[in-house]
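Undergrad:
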Amino acid sequence: MWRTRNELGNGDLPKVVMEFCSEAGVVEHSCEIYLFGATLTSWKHFGTEKIFVSPSAIWNGVKAIRGGIPLVFPQFGQPNTSLPQHGFARIKNWDLSSTTSDTKSVTAEFRLRDDGQTFQQWPFHFALTYTVVLTASSLHCNLHISNIGESPFCCQALLHTYLTIGNINDVSIFGFTGLSYLDKVEAGVTAVDSDHERIIRSEVDRVYLEEYSGKIPDIIIRSINNESDVTSLKVMKRATHVKIGGVEDKPVDVVLWNPWIEKSTALVDMPNDGYLNFLCVEPGVVQGWTDLLPGECLSLNQELIPVHDSKEEQNLTSS
Ligand code: TA6
């Protein structure tokens, strides 16, 4: 049975719990989403947590939650200094607009509209809808941005996904070979990733650019805990620009981030060794800006799929 309930979570902040409970009463799949930032903070697939939240995260309803899937809008980073870093969507209280379930899934939908505070920082009328669908095989997140005002605006959007991993030293990432990226660790130079398999042994902060690289394939993150315990996760992504005249696919960039030890230590809401246990793989539309005319929408999707079948995994990682 798929079901939802509303609860108070850390810091007494309201959250929605979505889950599948078997006839034997076992919760096999679940996820949790705080109304603060509409931040998804947990996704358990057959009881195994896939999402990282910092043990030192601050739950005061003011600071963005360190971990989960914070929603980045209307800017990535802080190109516009009148707006907060990564925009305001992750630090606003969203409304839960609906929850629904059927025999195969459970869905929650959240909404955020401009208000006096956002209008002061960013003078546009927008409507955001965030939809999370949990099934037995995947977690699907969709951020839908509509221009409901009378003036055009330009924006960026990103799903800042923190994935939990056993240990960063045992992780390989596939899918970035041959792609151009902007290296934020090297003062924003662009380079091409020539490695077949990306392993991380120092700070990494890259924006893989679909516009310059051609299609970025599905990304596979493989964690090897020991020889008999290999887990893989596939990240699929898609964005569309719904224009008055029709729908166009948008290039989706992918940010890869791990702060390593020095930056972990500098973050007040991360243990010094926190970098060992997570990796951010973040699909977004962040290269340049998307212009949305009145009535237009930008839709950003991410689907996370645990990969079980070793043959499927081999095909994905060898391509
Ligand atoms: O998405 C990667 C990034 O932009 C990094 O540069 C890094 O600083 C990170 O996000 C975290 O940003 P935050 O504002 O949450 O501390």
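Using numbering that gives the first Met the number 0, count along the sequence shown one by one with no gaps and you end on 318. Glycine is no exception: its CB is placed at the ideal position from the N, C-alpha and C atoms.
1) So the candidates are THR98, LEU82 and SER97; which of them puts its Cα closest to the Cα of LYS91?
2) Do ALA107 and VAL15 have their CB atoms nearer than 8 Å?
3) Say the cut is 7 Å; is the CB of ALA265 nearer than that to a heavy atom of the ligand TA6?
4) Take VAL229 and list the residues in its own chain whose beta-carbon comes closer than 6 Å to its own, dropping the five residues that flank it on each side.
5) For GLY287, is the classification buried or exposed, using 16 other Cβ atoms within 10 angstroms of its Cβ as the cut-off for buried?
6) My parser needs the beta strand (DSSP E) runs of 3 or more residues fully inside the segment 140-189; what are they?
7) Do MET235 and LEU133 have their C-beta atoms closer together than 8 Å?
8) Rounded to the nearest angstrom, what separates LYS233 and LEU278 at their Cα positions?
9) Quick one: does the C-beta of TRP256 sit closer than 7 Å to a heavy atom of the ligand TA6?
10) Let me make sure I understand the geometry here. Which of HIS307, HIS159 and SER193 has the alpha-carbon closest to that of LEU255?
11) Report the rounded CA-to-CA distance for VAL285 versus PHE75, giving the unit in angstroms.
12) Just how far apart, CA to CA, sit GLU295 and TYR161?
13) I need the boundaries of the beta strand (DSSP E) containing HIS32, first residue and last residue.
14) Taking the alpha-carbon positions, what's the ILE198 to THR176 distance?
15) Using a Cβ-based criterion (distance less than 7 Å to any ligand heavy atom), does ASP204 qualify as near the ligand TA6?
16) Going by the DSSP bridge assignment, what does GLN301 pair with across the sheet?
17) So, with DSSP's three-state summary, where would you put ASN79?
18) Going by the beta-carbon positions, is the gap between ASN146 and PHE118 smaller than 8 Å?
19) Which of the three DSSP states is assigned to GLU196 in this structure?
20) Flag GLU210 as yes when its Cβ comes closer than 7 Å to any non-hydrogen atom of the ligand TA6, and as no otherwise.
TA: Well, looking at it:
1) LEU82
2) yes
3) no
4) ILE223
5) exposed
6) 152-158, 161-163, 170-173 and 179-182
7) no
8) LYS233 and LEU278: Cα-Cα distance of roughly 14 Å.
9) yes
10) HIS159
11) About 6 Å.
12) Each residue's Cα considered, the two are about 29 Å apart.
13) The amino acid occupying residue 32 in the given sequence is Ile; His does not appear at that position. Looking at the DSSP string, the run of the beta strand (DSSP E) that includes ILE32 is 26-33.
14) Those two C-alpha atoms are separated by around 12 Å.
15) yes
16) CYS140 and LYS236
17) coil
18) no
19) coil
20) no
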